[in-house]
Every structure is written in C-alpha cells, then in structure tokens.
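Asks:
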Amino acid sequence: MKISGTNVLEQPVDKVWDALLDPRVLVATIPGCERLVATGGPGDHAYDMTVTAGVAAIKGTYQGQCTLSDLDQHRGLTMRLSGAGAPGTIDATVQVSFTEPSPGATQIAYEADAVVGGMVGGVGQRMLTSVSKRMAGEFFGNVGQAITSGPVVEPVEAPTGAGPADAPGVVFARPGVSTSSTSGDGDFLKGIAVGAGLVVLGVIVGRVFGRR
Amino acid sequence: MTTKLMGQGVQRVEDQRFLRGLGRYVDDVAVEQQVLHAAVLRSPHAHARILDIDVADVLDVEGVHAVYTYDDLTGPMAEPLPLLIPHPALTHGRTQYALAKDEVNYVGEAIAFVVAEDRYVAEDAVARIRVDYEFLPPVVGIAAARAAERLVHDDVPGNVGARLEQEVGDAKAAIARAPHTLSLDLTVERSACMPMEGRGTVARWDPDLHRLQVWTSTQSSTGVRAAVAVKMGLGLGQVDVVTPDVGGGFGVKINHPWPEELLVPMAARALGRTVKFTEDRREHFISSAHERGQVHHIEVGFDDDGRLLGLDVEFWHDHGAFTPYGLIVPIITSTQLLGPYKPQNYRVVFESLYTNTVMVTPYRGAGRPQGCYAMERTMDAIAAYLGKDRTEVRAVNFIQPDEFPYDQGLIFQDGRELEYDSGDYPASLEKIKALVGWDEFPAFQAEMAAQGRRVGIGLACYVEGTGVGPYEGAHVHIETSGKVKVATGLTTQGQGHATVFAQLVADELGCPFEDVEVVTGDTRRMPYAVGTFASRAAVMSGSAIHLAAKRAKEKVLKIAAEALEADEKDLQIVDGVVSVKGSPGTSIDLGTVSVLSNPLRYAFDEASKAATQFSVGDPGKPPVPEDEEPGLEGKDFYSPERATFASGMHAVIVETDPDTAEITILKYAVVHDCGKLINPMIVEGQIHGGVAQGVGGALYERMAYDESGQLLNASFMDFLMPYVTEVPDGIDVDHLETASPLNPLGIKGAGEAGVIPSAAVFAAAIEDAEGIPITAMPISPSELFTLRQEHSS
Numbered sequence: 001m002k003i004s005g006t007n008v009l010e011q012p013v014d015k016v017w018d019a020l021l022d023p024r025v026l027v028a029t030i031p032g033c034e035r036l037v038a039t040g041g042p043g044d045h046a047y048d049m050t051v052t053a054g055v056a057a058i059k060g061t062y063q064g065q066c067t068l069s070d071l072d073q074h075r076g077l078t079m080r081l082s083g084a085g086a087p088g089t090i091d092a093t094v095q096v097s098f099t100e101p102s103p104g105a106t107q108i109a110y111e112a113d114a115v116v117g118g119m120v121g122g123v124g125q126r127m128l129t130s131v132s133k134r135m136a137g138e139f140f141g142n143v144g145q146a147i148t149s150g151p152v153v154e155p156v157e158a159p160t161g162a163g164p165a166d167a168p169g170v171v172f173a174r175p176g177v178s179t180s181s182t183s184g185d186g187d188f189l190k191g192i193a194v195g196a197g198l199v200v201l202g203v204i205v206g207r208v209f210g211r212r
Numbered sequence: 001m002t003t004k005l006m007g008q009g010v011q012r013v014e015d016q017r018f019l020r021g022l023g024r025y026v027d028d029v030a031v032e033q034q035v036l037h038a039a040v041l042r043s044p045h046a047h048a049r050i051l052d053i054d055v056a057d058v059l060d061v062e063g064v065h066a067v068y069t070y071d072d073l074t075g076p077m078a079e080p081l082p083l084l085i086p087h088p089a090l091t092h093g094r095t096q097y098a099l100a101k102d103e104v105n106y107v108g109e110a111i112a113f114v115v116a117e118d119r120y121v122a123e124d125a126v127a128r129i130r131v132d133y134e135f136l137p138p139v140v141g142i143a144a145a146r147a148a149e150r151l152v153h154d155d156v157p158g159n160v161g162a163r164l165e166q167e168v169g170d171a172k173a174a175i176a177r178a179p180h181t182l183s184l185d186l187t188v189e190r191s192a193c194m195p196m197e198g199r200g201t202v203a204r205w206d207p208d209l210h211r212l213q214v215w216t217s218t219q220s221s222t223g224v225r226a227a228v229a230v231k232m233g234l235g236l237g238q239v240d241v242v243t244p245d246v247g248g249g250f251g252v253k254i255n256h257p258w259p260e261e262l263l264v265p266m267a268a269r270a271l272g273r274t275v276k277f278t279e280d281r282r283e284h285f286i287s288s289a290h291e292r293g294q295v296h297h298i299e300v301g302f303d304d305d306g307r308l309l310g311l312d313v314e315f316w317h318d319h320g321a322f323t324p325y326g327l328i329v330p331i332i333t334s335t336q337l338l339g340p341y342k343p344q345n346y347r348v349v350f351e352s353l354y355t356n357t358v359m360v361t362p363y364r365g366a367g368r369p370q371g372c373y374a375m376e377r378t379m380d381a382i383a384a385y386l387g388k389d390r391t392e393v394r395a396v397n398f399i400q401p402d403e404f405p406y407d408q409g410l411i412f413q414d415g416r417e418l419e420y421d422s423g424d425y426p427a428s429l430e431k432i433k434a435l436v437g438w439d440e441f442p443a444f445q446a447e448m449a450a451q452g453r454r455v456g457i458g459l460a461c462y463v464e465g466t467g468v469g470p471y472e473g474a475h476v477h478i479e480t481s482g483k484v485k486v487a488t489g490l491t492t493q494g495q496g497h498a499t500v501f502a503q504l505v506a507d508e509l510g511c512p513f514e515d516v517e518v519v520t521g522d523t524r525r526m527p528y529a530v531g532t533f534a535s536r537a538a539v540m541s542g543s544a545i546h547l548a549a550k551r552a553k554e555k556v557l558k559i560a561a562e563a564l565e566a567d568e569k570d571l572q573i574v575d576g577v578v579s580v581k582g583s584p585g586t587s588i589d590l591g592t593v594s595v596l597s598n599p600l601r602y603a604f605d606e607a608s609k610a611a612t613q614f615s616v617g618d619p620g621k622p623p624v625p626e627d628e629e630p631g632l633e634g635k636d637f638y639s640p641e642r643a644t645f646a647s648g649m650h651a652v653i654v655e656t657d658p659d660t661a662e663i664t665i666l667k668y669a670v671v672h673d674c675g676k677l678i679n680p681m682i683v684e685g686q687i688h689g690g691v692a693q694g695v696g697g698a699l700y701e702r703m704a705y706d707e708s709g710q711l712l713n714a715s716f717m718d719f720l721m722p723y724v725t726e727v728p729d730g731i732d733v734d735h736l737e738t739a740s741p742l743n744p745l746g747i748k749g750a751g752e753a754g755v756i757p758s759a760a761v762f763a764a765a766i767e768d769a770e771g772i773p774i775t776a777m778p779i780s781p782s783e784l785f786t787l788r789q790e791h792s793s
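For the protein sequence lines, the chains are A and B, in the order given.
With my numbering applied, the first sequence has no gaps in its numbers, which climb one by one up to 212 at the end.
With my numbering applied, the second sequence has no gaps in its numbers, which climb one by one up to 793 at the end.
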C-alpha cells in the first residue's frame with residue numbers, strides 16, 4: 001500500500017534534520033517506540049527497534065529494523081523499515097523530503113510504499129491510512145516539542161562507555177518504560193488516541209520521519 | 001398399504017436437533033479438560049523464503065506441550081501433501097507441505113504448529129515464534145500470472161500448471177465460414193464457500209488398541225482416513241474417521257488432507273493426548289480454499305437464426321499457489337459451458353495458472369457458474385446482434401428431447417464421455433418463460449421507463465453433470481427390535497440425508513419411516529466410500545441404499561416365507577410386518593424375522609430364545625443355509641457408467657436505481673429438472689440455498705487481494721455475504737421430472753444447481769436494464785455507477 005502526506009514544523013530545517021537523526025529524539029517521539037538500539041557504525045543510522053502499537057484490537061509488540069540512507073543534507077532521505085510481531089509484519093520504503101515553506105519552518109513530505117502482512121494487513125488495512133497519518137502528525141508534534149525543550153533521553157546502556165549517540169550497541173529507552181520487550185504500552189498509546197488504535201504503518205511513517 | 005414416501009415433502013428428521021441446538025459438530029467432540037488445543041503459525045507473506053525459524057521463546061511457556069516445524073516431520077509426513085486428482089495435462093502440479101519447507105507461497109500457509117493446554121496459550125506461543133524471511137516478488141491475479149515476469153514456483157515456467165485443449169469438429173474453420181461472428185471477453189472474480197463452521201479436527205490415539213480415532217469436518221471421511229493412515233505409517237484398519245454434523249461444506253471441505261488433518265493426529269499420537277484444532281474465521285479466509293477466478297475469451301460463428309456453427313473458447317484459471325485438487329474446476333468449465341446446446345464445432349483450451357494466493361478447490365457449482373456465464377452471455381450477445389429475442393436464439397440451439405443420449409464428444413471431469421442421459425430443454429424454456437412472465441416483460445419495462453424506473457430481465461440455462469462415480473455403498477441392517485440401521489460412507493453437510501435416505505429405505509422395506517436411522521461419514525460403519533461433492537449424494541448413496549434395502553428385503557422374504565410356510569411371491573411388507581397377501585392373520589414382524597436370521601446357541605433375552613438351537617431349524621439342514629450369512633442385512637454398491645445430467649433455467653428481473661446504481665431483485669424464477677424427486681421440499685431448500693449463494697457471488701462476494709498478496713477483506717466486516725434481506729423474498733420454483741435412465745430411482749443431483757446461472761442471469765438482467773455491456777462479475781453498485789460514467793462520457 002502507498003501512503004503519502006506532509007507535515008509542517010515551525011522549526012528551521014537544520015534543527016529538524018538534526019533532531020530526526022538523533023536516536024535520543026526518535027525514541028522519545030515515535031509513538032509506541034520503547035527501545036532503539038544502534039546496530040551500525042556512527043553515521044550509519046541503523047537501528048533495531050521495539051515498538052508497541054495496534055489497530056483496534058489487533059495490538060502487539062513489534063521487533064524491527066530501521067535504516068536511513070541516501071542522506072541529502074537538509075533536503076531528503078530514504079528510510080527502510082521492517083518489523084514483525086504477533087499481529088503482523090511490515091516492510092516499507094519511505095522517501096522523505098524537506099522544504100522550507102516559510103522562513104523558520106520545515107515542511108516534511110513523505111511517500112511510503114509499504115507491504116503490510118498478517119492480521120493487520122488483512123483485517124486492519126482499511127484503517128491503516130488514516131491512523132498512520134494521524135500518528136505521523138503526532139510524531140511531528142512530538143519532534144517539534146523535543147526541539148523546543150531538548151531531548152529528554154540519555155542512553156541506558158552504552159557498552160563502550162562514552163561514544164557517539166548512534167554507536168553500535170547503544171540502547172535508548174523511552175522514559176518511564178521498562179526496556180524489556182514485554183513492557184506495558186499504556187503510556188504510549190495514550191498519547192496516540194487510544195480510540196483510533198494505532199497502526200504499524202503509522203509507526204512506520206512516523207519512523208520515517210524519525211529516521212530523518 | 002403404506003403410502004410411497006418417494007416424492008413426498010417429508011419433514012426433515014435432522015431439524016429437531018439442529019433447531020434445538022443439539023447439533024454435534026467437531027468442536028463439540030472431546031470437550032473435556034484434558035484435551036490439548038492446537039494453533040498454527042501462518043505466513044504473513046505471499047511469497048518469501050524462510051531463512052530461519054526460532055522457537056526458543058516458545059519452549060518454556062507454561063502450558064505448551066509441543067511445537068512442530070517442517071524439521072520435526074519425518075517419513076511420509078515430510079513429503080508434500082497428496083495431489084489428489086492427477087491428470088496427464090497437469091504437467092506442473094505442485095502441493096504444499098504440511099508445514100512450509102524453505103518457502104511460503106501464500107499468506108496463510110502453515111509454518112509451525114503449537115499444541116498447548118488451551119487455544120489461548122497456543123496462540124500466545126505462536127506469537128513468540130520468530131521467522132526470518134527473504135521476500136520474493138509475489139504473483140497476484142491472472143494478468144500477473146500470464147505475464148510471468150515473476151514466477152510462483154521457480155520450476156514452473158510461465159506459471160502454467162496445466163494446459164488442456166479439447167475439440168469437436170473444427171471450430172476455427174467453422175467460425176471462418178460463418179455468416180456472422182462475435183468475440184467476447186468475460187471475467188469472473190474469486191470468491192469462497194464460507195461455511196459457517198470452518199475446518200476442524202480432533203484426534204485421539206488409543207495406546208491399548210493401537211488405534212487412531214479422528215473426527216474431522218470433511219466431505220470425505222474415507223479420503224481423510226486413507227491419507228492419515230499413509231502419512232502416519234498406520235494400517236488402514238488402525239484408523240477410524242468419523243464426520244459428525246458439518247456446518248456447511250459447499251466444496252471447500254472436499255479437499256483433504258489439510259495440514260491440520262495430519263498434524264493433529266500426529267501430535268495426538270506423539271503426546272498420548274487428545275488434540276483438537278478448530279479453525280477461526282480469519283484462518284478460513286486465508287488458509288482453506290477459494291474458487292471462481294477466471295478470464296474467458298470467446299469467438300463464436302453463427303447463422304441468421306443464431307444457430308451456433310463454431311465456438312472457440314480460451315480461458316485462464318487462477319488455481320492459487322498449489323493444485324491438490326487437480327484440474328477439476330477448469331475441466332468442468334470447459335465441458336459444462338456447452339449447457340443445453342449443440343455447437344457442432346467446439347474448441348476449448350485453458351491454462352491453469354499459479355498465483356501467490358490461497359489455492360482453489362471446487363466451490364458449489366465448481367466451474368459451472370463461469371462456464372454458464374460464458375455461454376449464456378454469448379447467447380445474449382448473438383440475440384442482441386441479430387435483433388432477436390434471447391429465448392429464440394437459445395431454442396434453436398437446444399438438444400431436442402429425441403436426441404438423448406447425446407454425446408458432446410468431450411471428456412468430462414470423471415474421465416468419462418460427456419454424454420447427456422436425458423432432458424427436456426424446450427419444455428423447461430416454456431416453463432421459465434411462463435413463470436417469470438417473459439413475454440409480458442417488454443410492456444412492464446416500458447411502463448416502468450415511463451415512471452423513470454430502470455428494470456431489466458435476464459435468463460440463463462444450464463446443464464449440470466451430477467452423480468459422478470466411481471461408486472458409493474450402503475449397508476442396511478434390520479435389528480431384532482425391528483429398527484433399521486442404515487449406513488452409507490459419504491458425509492452430510494446439512495442436505496437432509498437422514499430424511500431422504502430413510503424415505504428410500506421405508507419405501508423398499510415396507511417399514512415405518514420412523515424406524516429407520518441413517519448414519520453417514522463414519523468409516524467404522526461403511527469403510528468404502530468416496531465423498532459428498534458434485535451433487536452426487538442422492539444419486540450415488542441413494543441408489544446404493546435402495547439396492548441394499550432391496551437385498552435386505554429379499555432375505556426378509558426368504559426367511560419369512562419359510563416361517564409362514566408361504567410362497568415369497570405371496571408376501572407383502574407393510575408397516576414393518578410381513579404378511580401373506582389376503583390373509584393378514586398369517587404374519588411375522590421384521591424384528592422376529594431378524595431373530596430367526598441369526599441362529600443362536602445362547603439366549604440373552606426373550607426374543608433371542610426363539611432363535612436358539614432347540615427352538616428353530618430343520619435338523620436335516622445346516623442352521624445357516626449355504627450361500628447365506630447370519631443376520632438380517634443387505635449391502636450393495638452403486639457404480640454408474642457415467643454422470644447423470646440435470647438441467648434448469650433461471651430468470652431474474654432486477655431494478656437499478658438511476659442515482660445510486662443500487663441493484664434490487666424484483667422477481668427470481670427457477671425451473672429445475674433433477675429427474676425424479678425424492679423430497680420436493682428438500683430440493684426446493686437446495687435451490688433456495690443455491691440462489692442465495694448465487695446472489696452473493698453475482699452481487700457481493702469477492703476476494704480483495706492487494707498487489708502484495710494480502711487478502712484485505714479476510715473478515716465478515718469486509719467480505720459481504722448476502723443476508724436474508726439480500727435474497728429474493730420468494731423464489732418461484734417449478735419442477736420438471738425427466739427421469740435418468742442410469743439409476744434405479746431415475747434421479748439426478750440437485751445440490752449445486754441453484755448457484756450455477758447466477759452470474760449469467762444477473763449480468764443479463766443488469767445489461768438489459770442499463771443498456772451497458774456487463775462483462776465482469778460480480779458487480780457492485782459502485783462498479784455499475786463507474787460503468788455508467790464511462791459509457792456516458
């Protein structure tokens with residue numbers, strides 16, 4: 001399925017760009033993201049991630065990977081996402097582009113081509129587009145807030161002690177959430193409009209931006 | 001004299017149970033606490049290589065007893081599932097493994113099997129299995145399969161499982177010479193049977209008797225038995241399969257063995273516990289079977305009267321990812337397409353194609369709805385081209401009543417000649433015209449048009465090969481109580497077998513209908529059987545039961561004649577009592593005859609005393625005469641040379657909303673000829689059910705696959721089934737009874753007929769109302785609306 005949309009942040013492009021490449025921001029802003037582990041070297045922008053999300057009653061924890069590539073400073077990037085969990089699987093490629101609609105603001109446009117499998121794909125798919133857009137909106141709102149107030153997350157495990165934020169093995173966990181994969185999802189989902197439920201795809205799209 | 005029950009609308013004996021919630025389905029079996037429950041990990045991807053399956057997280061889950069993947073299967077279990085119906089043209093037949101080996105080919109394919117204390121734990125455990133996939137490009141839809149830019153199976157070039165051509169005469173040459181020609185392209189989408197009860201299997205291994213007991217919701221208990229025995233390395237005699245009440249089959253349950261039908265017995269034996277698997281609705285959508293998806297191209301040549309001179313049909317059949325049921329569906333389309341007509345020169349060729357979707361097995365009608373749609377739309381097109389009435393064009397092409405048996409010159413789905421045994425198509429046409437008001441319709445249409453309303457009429461004819469072989473058998477046992485126990489091996493999915501078969505036995509034996517008890521689908525009672533499909537139960541088992549009852553009666557008369565010192569010819573059996581005609585005092589009841597049939601040494605009750613050695617028998621003869629057996633039983637089999645061909649015609653009047661394009665059914669009429677009727681009420685019920693399913697197939701149901709092979713409407717939220725509100729309120733039915741010469745009762749099958757002409761008849765009626773060619777079915781109001789816009793621009 002294809003999903004596209006735009007969001008505008010009242011922040012300059014360079015700040016948005018930096019924020020989206022910062023795993024500390026990502027883990028705190030991606031709806032349902034519990035844990036992010038850098039898997040590549042510095043600058044690889046590759047992560048393993050754990051996200052809890054759901055569409056209506058089809059809810060669960062997904063394990064997945066996210067990598068950012070084709071980085072074109074302050075203009076665009078490609079995000080590859082894959083994830084699997086009990087409710088289904090997702091595999092998406094998202095093209096993200098950045099423009100400046102007015103001075104000091106950033107418009108992010110995304111085009112996702114996603115393969116959604118399993119129960120979410122078969123039963124929840126008709127809700128995916130609207131829910132994912134909603135999640136994307138929420139994600140960008142979170143990012144805007146994070147830029148204003150600064151990242152709130154520090155690595156909880158850093159195998160080599162000090163190092164770049166995205167050095168391999170550095171683990172970021174969302175505050176207030178246990179780092180175990182079975183942690184509760186209440187806090188995250190609350191922020192996301194529990195009624196609408198949540199969507200993996202939304203998460204993905206969110207991630208796309210996040211990767212950014 | 002007892003009234004003949006054949007032909008009577010006897011009330012169904014099964015409804016007492018069904019209506020009071022006393023039906024007993026597979027999930028109602030083995031409800032005790034100790035039973036273990038299975039859940040299946042199914043592929044979320046339409047096409048992918050399996051790189052790794054990690055079950056480590058499952059092993060320590062409390063309540064999990066076992067988890068199986070392909071690597072745990074051994075011997076025959078590790079081989080691909082059987083290809084049930086091989087055919088020389090199926091050059092690239094493929095079947096799946098019980099659990100996927102290396103690769104998955106449709107969303108829903110079984111990958112791992114977990115057995116746990118209950119279904120909740122089993123599903124939780126399934127969720128903990130981690131599979132690494134390498135995605136492969138999926139092939140979805142007939143166009144993609146034909147394009148063959150991607151392959152479903154690497155070793156199947158062009159995605160073509162089979163190509164089969166049959167020809168009578170020289171169709172191309174005849175079309176080239178014909179004064180008029182037309183060509184049509186017609187498509188039908190996928191749908192599915194959707195029985196209320198999905199698949200289900202329970203198995204219990206008896207370690208003391210070394211026997212396996214299986215209950216399964218199938219249309220062939222003997223088929224499952226044979227497959228389970230072979231796959232598990234057991235003797236056939238060690239496996240018993242019982243099919244209790246079945247909540248609908250409609251074709252999907254004729255496929256066997258499903259992976260679960262093997263995995264459940266395997267786990268039951270390994271764990272020493274009863275194991276149950278009950279399919280949920282989503283599993284039924286994505287891991288059972290679908291049907292109907294076909295694309296047809298038709299070339300036809302005809303004369304000024306609309307008489308067919310040559311017919312050349314090419315079609316493409318989407319059989320999904322695997323071909324366990326062979327080519328049955330497209331073979332039926334290619335042969336039954338001819339309907340009641342004789343095209344002189346006919347060529348048909350089909351390709352059966354692989355796609356990364358759920359496999360295809362017959363769905364009620366089994367290829368006939370598509371064939372009927374192709375042929376009948378061609379008839380409509382010829383009539384429109386010539387400016388003739390649609391019924392006239394059909395009438396000039398009918399096989400006439402004096403032309404039977406009529407050999408169409410093709411080979412049918414059972415490997416036998418496509419030879420029609422009997423029929424009266426002109427009479428049917430007159431009946432349907434009268435029933436629907438065909439001749440009066442133009443005036444009605446004009447009257448409605450004057451009011452700004454759009455109405456249209458459609459008509460479609462079909463011929464249905466029913467009662468295909470190879471055989472069915474029956475066992476009739478008159479007990480010492482006088483009760484009659486009847487067993488036949490094929491299964492029952494709500495057809496009313498316990499009623500109609502009892503009617504046949506009561507008629508033949510002269511016993512009370514209430515004293516007859518019928519058992520179906522229990523391999524312990526009748527181990528030789530084929531199954532319930534192709535509208536064959538009444539024809540095959542009905543005939544076998546009739547023959548078996550006859551044998552039992554012969555024995556009754558022989559024993560009674562001796563006991564009453566009368567001539568067999570002078571005896572009659574009425575209400576379960578054998579008496580000498582004209583001398584009612586000289587009589588003996590069936591129970592006593594049964595006692596006498598079994599000479600005893602040991603008495604165990606009052607009745608049996610009469611059969612002990614000092615009470616009966618001629619000391620000069622052996623107690624059981626030569627060539628006889630003890631017991632009052634009759635057993636026989638029915639194996640016809642070929643199928644018997646039922647026929648019928650449907651007509652519908654629809655109204656389409658000028659604004660919303662909503663399609664409303666104003667009148668639905670059916671003329672039906674299934675030979676001699678055993679129970680007209682049950683036949684009408686079959687027709688009603690068929691029409692309802694046909695309405696679904698024509699106007700609502702489709703399988704919405706996206707381009708990645710995900711089934712988007714895999715729930716009853718999104719897959720539209722007709723409710724009673726969508727089914728015509730009152731279906732006018734008229735019967736014709738053209739006896740079949742092929743069986744002793746003169747009957748033909750009735751189970752599928754109601755659904756066959758639906759796509760054809762609705763397309764015709766909507767086209768008549770709208771004046772727009774309708775070439776793709778099913779059709780929704782949105783699609784009709786879009787068509788209008790395309791045609792007005």
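Each residue gets a CB set at the ideal place from its N, CA and C atoms; glycine is no exception.
Kindly indicate which three-state DSSP category L20/A falls into: helix, strand or coil?
Replies: Stepping through the first sequence from its first residue, residue 20/A is reached at position 20. L20/A falls in the helix class under three-state DSSP.
Asks: Which residues in the same chain have their Cβ closer than 6 Å to the Cβ of P80/B, if we skip the five residues on either side of it in sequence?
Replies: One-based indexing of the second sequence puts residue 80/B at position 80. Around P80/B: T95 and Y97.
Asks: With a 10 Å radius around its C-beta and 16 neighbouring C-beta atoms as the bar for buried, classify K342/B as buried or exposed.
Replies: Counted from its first residue, the second sequence places residue 342/B at position 342. K342/B is buried by the Cβ-count criterion.
Asks: Closest to V313/B by C-alpha separation, out of G371/B, A381/B, G141/B and V188/B, would be which residue?
Replies: In the second sequence, the residue the question calls residue 313/B occupies position 313. Ranking G371/B, A381/B, G141/B and V188/B by Cα distance to V313/B puts G371/B first.
Asks: According to DSSP, is G233/B part of a helix, a strand, or is it coil?
Replies: Along the second sequence, read from residue 1 onward, the residue named residue 233/B stands at position 233. In this structure, G233/B counts as coil in the three-state DSSP scheme.
Asks: For the stretch 87-98 of chain A, list every residue whose C-beta sits within 8 Å of some C-beta in chain B, in sequence order.
Replies: G88, T89 and D91
Asks: Hey, does S178/A have any beta-carbon neighbour from chain B nearer than 8 Å?
Replies: On the first sequence, residue 178/A is found 178 positions in, with the first residue counted as 1. Low per-residue confidence applies at S178/A: pLDDT is 42, beneath 50, and the placement is therefore not dependable enough to give any value.
Asks: In terms of residue numbering, what span does the alpha helix (DSSP H) encompassing G371/B cover?
Replies: Numbered from 1 along the second sequence, position 371 holds the residue referred to as residue 371/B. Where G371/B is concerned, the enclosing alpha helix (DSSP H) stretches over R368 to L386.
Asks: At which residues does the beta strand (DSSP E) containing G585/B begin and terminate?
Replies: As a first step, residue 585/B must be located in the second sequence, where it is residue number 585. Its beta strand (DSSP E) spans residues S583 to D589.
Asks: Can the beta-carbon of P584/B be found closer than 8 Å to that of P599/B?
Replies: One-based indexing of the second sequence puts residue 584/B at position 584. One-based indexing of the second sequence puts residue 599/B at position 599. Cβ atoms of P584/B and P599/B: not closer than 8 Å.
Asks: For a cutoff of 8 Å on Cβ pairs, would you count V51/A as touching chain B?
Replies: As a working note, residue 51/A is residue 51 in the first sequence. The Cβ of V51/A sits no closer than 8 Å to any Cβ of chain B.
Asks: Examine chain A for any beta-carbon lying closer than 8 Å to the beta-carbon of A127/B, and answer yes or no.
Replies: Counting from one through the second sequence, the residue named residue 127/B turns up at place 127. Yes, because at least one Cβ of chain A sits closer than 8 Å to the Cβ of A127/B.
Asks: Let me make sure I understand the geometry here. Which of A498/B, A474/B and G521/B has the alpha-carbon closest to that of T491/B?
Replies: One-based indexing of the second sequence puts residue 491/B at position 491. If we check each option's Cα against that of T491/B, G521/B comes out closest.
Asks: Could you compute how far the alpha carbon of H92/B sits from the alpha carbon of I411/B?
Replies: Looking up residue 92/B in the second sequence gives position 92. Looking up residue 411/B in the second sequence gives position 411. Each residue's Cα considered, the two are about 21 Å apart.
Asks: Going by alpha carbons, who is nearest to E299/B out of L182/B, S597/B, M375/B and S535/B?
Replies: Within the second sequence, residue 299/B is the residue found at index 299, counting from 1. The residue with the shortest Cα to Cα distance from E299/B is L182/B.
Asks: What does DSSP give as the partner residue(s) for R12/B in the beta ladder?
Replies: On the second sequence, residue 12/B is found 12 positions in, with the first residue counted as 1. Its beta-bridge partners do not exist; DSSP assigns none.
Asks: Assuming contact is defined by CB atoms lying nearer than 8 Å, are D798/B and A145/B in contact in what I supplied?
Replies: Chain B is shown only over 1 to 793; residue 798/B falls outside these bounds and no answer can be derived.
Asks: Thinking just about the alpha-carbon of each residue, which of G23/B, G108/B, P625/B and V393/B is nearest to the one in R42/B?
Replies: Translated into the one-based positions of the second sequence, residue 42/B becomes position 42. The shortest C-alpha separation from R42/B is found at G108/B.
Asks: Does E508/B come out as helix, strand or coil in the three-state DSSP assignment?
Replies: Residue 508/B sits at position 508 when you count from the first residue of the second sequence. It is helical.
Asks: Given this structure, state the Cα-to-Cα distance separating V796/B from A714/B, to the nearest angstrom.
Replies: There is no way to answer for residue 796/B, as the model of chain B reaches only from 1 to 793.
Asks: Is the beta carbon of A289/B closer than 8 Å to that of V224/B?
Replies: Here residue 224/B refers to the residue found at position 224 of the second sequence. Here residue 289/B refers to the residue found at position 289 of the second sequence. No. Outside cutoff.
Asks: Would you give the residue range spanned by the beta strand (DSSP E) that F350/B belongs to?
Replies: Taking the first residue of the second sequence as 1, we reach residue 350/B at position 350. Residues Y346 to L353.
Asks: So for N105/B, helix, strand or coil by DSSP?
Replies: As a working note, residue 105/B is residue 105 in the second sequence. N105/B falls in the coil class under three-state DSSP.
Asks: Where does the unbroken beta strand (DSSP E) through M79/A begin, and where does it stop?
Replies: Taking the first sequence and counting its residues from 1, one reaches residue 79/A at position 79. Its beta strand (DSSP E) spans residues G76 to G85.
Asks: So which residues of chain B does M1/A contact, with C-beta pairs closer than 7 Å?
Replies: Your numbering for residue 1/A matches position 1 in the first sequence. Within chain B, the C-beta atoms nearer than 7 Å to that of M1/A come from D706, in chain order.
Asks: Note the first and the last residue of the continuous alpha helix (DSSP H) segment covering D732/B.
Replies: Residue mapping note: residue 732/B aligns to position 732 of the second sequence, counting from 1. No alpha helix (DSSP H) contains D732/B, which is instead part of the beta strand (DSSP E) from D732 to H735.
Asks: Less than 6 Å between C-beta atoms, sequence neighbours within five positions excluded: which residues of the same chain meet that for L189/A?
Replies: Reading the first sequence from its first residue, position 189 is the one you call residue 189/A. Confidence is the limiting factor: at L189/A the pLDDT is only 30, short of 50, which leaves the residue's position unreliable and the question unanswerable from this model.
Asks: Rounded C-beta distance between D574/B and I588/B? I'm assuming under 8 Å.
Replies: Position 574 of the second sequence, counted from the start, is the residue given in the question as residue 574/B. Position 588 of the second sequence, counted from the start, is the residue given in the question as residue 588/B. Per the sequence shown, residue 574/B should be read as Val rather than Asp. With 8 Å as the limit, V574/B and I588/B do not qualify as a contact, their Cβ atoms being about 12 Å apart.
Asks: Any beta carbon from chain A within less than 8 Å of D52/B's own beta carbon?
Replies: Against the second sequence, residue 52/B aligns to sequence position 52. It does not; no Cβ of chain A falls within 8 Å.
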